[in-house]
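**Q** Its first residue numbered 57, the sequence shown is counted upward by one per residue in our numbering.
Note that CB positions come from ideal geometry on N, CA and C, so glycine has one too.
Since the model is a prediction, treat every value here as computed from it, not as a measurement.
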Amino acid sequence: MNISTVKINKDDFQIKILNCGQGQGDFTGSTGSSDGTSSTSGPEGVQFFVKNDTYSSFDILFLSDLVHSYHVIPGKNKITIPPGYYQYSYYACGELWVGNIHIAKKDEDMRIASCTSKSGRPDTGNNIEFKVKNLVGSKFAITLDGPQFYVLEVKAGTSTIFEVEKGYYTFQYYACGGLVTGEINLKDGVTLKTVNCAGD
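1. Who does I129 pair with in a DSSP beta bridge?
2. Name the DSSP beta bridge partners of G223, please?
3. Could you spell out the range, first to last residue, of the beta strand (DSSP E) harbouring G233?
4. Can you list, in chain order, the residues of its chain with a C-beta nearer than 6 Å to that of S120? Leave out the 5 residues immediately preceding and following it.
5. Hey, out of N183, Y224, V192 and N241, whose CA is closest to F218's CA?
6. Count the other CB atoms, across all protein chains shown, that sit within 10 Å of the CB of V210; report buried if there are 16 or more and exposed otherwise.
7. Going by Cα to Cα distance, which pick from F118, R167 and C149 is closest to K107?
8. In the DSSP assignment, find the beta strand (DSSP E) that holds Q103 and state where it starts and stops.
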């Protein structure tokens, strides 16, 4: 199962329904619930589990040729959905999250990480925790590009723990008047120390 997610500022988010030959604004949708019911027709559905660790309930949309909508509650939710490639979206932890997922077989899991995980991404089953030690002296954002793509906000003067998918990443951030780049193998317990602008 391949998953990628981005955070969208809800004030800047809009969906345009384009004219695809059926008349502008026309689209076909379906709804379902976490008990696996759905009004879709077409390919036989597969059982798919959404593990919601956010401690809140919300709707999650899966968009392909049809729009599949499911209401998920905290904990493990079983849904039935046709296999295929989807764009999904949900609002959780005070943010709107949009990404892509390939649902290919029965009993796969998608985990919505807890709000305290700071990544906001679904867990692919390979997530680890690592630490960024901020020696810059101010708050900044660091981007990680590897098995997944992340933009993480690091607080000033602290060590911040993030949950991400393990693996090799290139990283970059702006500090001390310039761009800092590098590579790192992220696994449990790793600490990434930033440059020290004060030179201490």
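**A** So, from the data block:
1. Note: I129 sits in no beta bridge, so no partner.
2. L242
3. Counting along the chain, G233 falls outside any beta strand (DSSP E), and DSSP gives it neither H nor E.
4. G140 and Y142
5. N183
6. buried
7. R167
8. V102 to N108
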